[in-house]
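Reviewing the structure listed below.
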Amino acid sequence: MTDHGYTTTFATARTAAMAAALTATLGLAAASWVIAVRQMRGMDMGVATRLGPFASFIAVWVVMMAAMMLPGAAPAVLRRAQASGGVRAVPLFIGSYLAVWALVGAVVYALYRPHGSAAAGAVAIAAGVYEFTPLKRHFRRRCRDGARSGFGFGLCCAGSSIGLMAMLVALGVMSVTWMSVIAVLVLAQKLLPAKAAVDVPLALAIVGLGIWIVLAPASVPGLMPPM
0 MTDHGYTTTF ATARTAAMAA ALTATLGLAA ASWVIAVRQM RGMDMGVATR
50 LGPFASFIAV WVVMMAAMML PGAAPAVLRR AQASGGVRAV PLFIGSYLAV
100 WALVGAVVYA LYRPHGSAAA GAVAIAAGVY EFTPLKRHFR RRCRDGARSG
150 FGFGLCCAGS SIGLMAMLVA LGVMSVTWMS VIAVLVLAQK LLPAKAAVDV
200 PLALAIVGLG IWIVLAPASV PGLMPPM
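In numbering that gives the first Met the number 0, the protein residues as written are 0 to 226.
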């Protein structure tokens, strides 16, 4: 009886810890969406968007990444909490995971310049082609498998999502609309198994979007800056 009671208590505590970890992760993501939408209001100028001071940009970028990436990272967070026996490891895991995306943001800031529709279309085409590559499949599989550290997990997920994120930056780095579209795609690829019947049409659609942008940029909503 004593052993049974201890086992039951332990299982209940473990379940509560997992629930707390999941709630904290998704709650942070939801709060980040609210903050990101408010911070990005009035900043979207399509391909002509300017990033402003580095400190301001990186603050917005990290909040954007928390909003977009944490829902798909929830299974990995739960695995980490389960492996460590509680939620104490969760803040470090999430913090180091977002640190990877902060580094990505620093690279974006260093390389980004306001550009034209042809460059945006070329990036979208390249993003679609990347979806077909073995490197993409490798990182996507590793991202789904998870990792011991948030930093390692972040590197795998950055490798998996880098094409989609480049497309976001090229089409409208401060666009809530494109942010939402890319977030849905990233979430689906993190949670759903790879299937050619889904992945190939998606990659072709991204390539098609890039061609559309090159040929008729004015017809793509939100791409060109308002007159």
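C-beta atoms are modelled at their ideal positions from N, C-alpha and C, and glycine is treated no differently.
Stretch pair the region 57–66 + the region 95–104: three plus CB contacts closer than 8 Å: Taking a cut-off of 8 Å on C-beta distances, the region 57–66 touches the region 95–104, as three or more cross pairs fall below it.
Straight-line Cα distance separating residue 19 from residue 34: Looking at the two C-alpha atoms, the distance is approximately 22 Å.
Unbroken alpha helix (DSSP H) run spanning residue 189, endpoints: Looking at the DSSP string, the run of the alpha helix (DSSP H) that includes residue 189 is 175–190.
Given residue 56 as reference, the closest of 173, 156, 159 and 130 once Cα atoms are compared: Checking every option, the nearest Cα to that of residue 56 belongs to 173.
Residue 161 versus 185, 192 and 87, residue with shortest Cα-Cα distance: Minimum Cα-Cα distance from residue 161 among the listed residues 185, 192 and 87 corresponds to 185.
Proximity winner among 152, 47 and 188, relative to residue 216 (alpha-carbon distances): Comparing Cα-Cα distances from residue 216 to each of 152, 47 and 188, the minimum goes to 47.
Rounded straight-line distance, which links the Cα of residue 38 to that of residue 70: Approximately 20 Å, taken between the alpha carbons.
Nearest-angstrom Cα separation, counted from residue 129 out to residue 74: Spanning the two alpha carbons is a distance of roughly 25 Å.
Cβ contact (3+ pairs, closer than 8 Å) linking the region 111–121 and the region 207–215: At 8 Å Cβ cutoff, the stretches touch.
Residue from 117, 152, 140 and 68 with nearest C-alpha to residue 183: Among 117, 152, 140 and 68, the Cα nearest to that of residue 183 belongs to 68.
Per-residue DSSP class, three states only, for residue 198: Here residue 198 sits in helix by DSSP.
Short Cβ contact (8 Å threshold) for residue 171 with residue 96: Taking 8 Å as the Cβ cut-off, residue 171 and residue 96 do not qualify as a contacting pair.
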